[in-house]
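Worksheet: one structure, shown below.
Numbering (the working numbering), first residue to last: 15 to 137.
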């Protein structure tokens, strides 16, 4: 049986831009550097997580979900942070079925975050 788990509710933003601006004193230059760093780190981790799910490579799944969770938390992306946390926890419990059940939410939230980053970058 394949199950699919729910996304965080709409009250949780894709990107908490106000928190980011507040943390960095409104300095958009620092925000741009953080964005560039995130964009360098996140896509390879995203692909690695999907591949680990496909292969059933639980240790890699846990490690990469943990890394992406941290990057998302730093960047102010609470929705994807939450999904990565659930994938990581499922992996730590050796529950590949539950980790895979988060795949749709993971793909959706990564796409939403990518769109949000582009929007912020454009001003």
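Where a beta carbon is used, it is the ideal one built from N, C-alpha and C, also for glycine.
#### Entry: Close beta carbons around residue 105, own chain, < 6 Å, minus the five adjacent residues each side
Taking the chain shown and counting its residues from 1, one reaches residue 105 at position 91. The answer, listed in chain order, is 72, 75, 76 and 113.
### Query
Can you list, in chain order, the stretches of the alpha helix (DSSP H) that have 4 or more residues and sit fully within the region 98-132?
Within the region 98-132, complete alpha helix (DSSP H) segments of at least 4 residues are found at 110-115, given in chain order.
### Message
For a test of the three-state rule: what should DSSP assign to residue 44, helix, strand or coil?
### Response
Here residue 44 refers to the residue found at position 30 when the chain shown is read from its first residue. Under the three-state reduction of DSSP, residue 44 is assigned to helix.
### Query
Does the beta-carbon of residue 15 have 16 or more other beta-carbons within 10 angstroms, so that it is buried, or is it exposed?
Position 1 of the chain shown, counted from the first residue, corresponds to residue 15. Residue confidence for residue 15 is low, a pLDDT of 39 falling below 50, so the modelled location carries little weight; the figure read from the coordinates is stated next. With fewer than 16 neighbouring CB atoms inside 10 Å of its own CB, residue 15 falls in the exposed class.
### Message
Looking at the secondary structure, which residues open and close the alpha helix (DSSP H) in which residue 74 lies?
### Response
If you number the chain shown from 1, residue 74 lands on position 60. First-last of the alpha helix (DSSP H) with residue 74: 72-89.
### Task
Note down, in chain order, each residue of its chain lying with its Cβ closer than 6 Å to the Cβ of residue 101, except the 5 sequence neighbours on either side.
Taking the chain shown and counting its residues from 1, one reaches residue 101 at position 87. Only 79, 113 and 116 meet the Cβ criterion.
### Collapsed DSSP secondary structure at residue 53 in the structure displayed
The residue labelled residue 53 in the question sits at position 39 within the chain shown. Collapsing the DSSP output to three states places residue 53 in a helix.
### Query
Nearest CA to the CA of residue 123: which residue from 103, 91, 108 and 134?
By 1-based counting over the chain shown, the position of residue 123 is 109. Per the Cα distances, 91.
### Message
If you reduce the DSSP assignment to three classes, tell me which class residue 25 lands in.
### Response
As a first step, residue 25 is located in the chain shown; it is residue number 11 there, counting from the start. Coil.
### Query
Do you know how far the Cα of residue 97 is from the Cα of residue 46?
Here residue 46 refers to the residue found at position 32 of the chain shown. Here residue 97 refers to the residue found at position 83 of the chain shown. Each residue's Cα considered, the two are about 24 Å apart.
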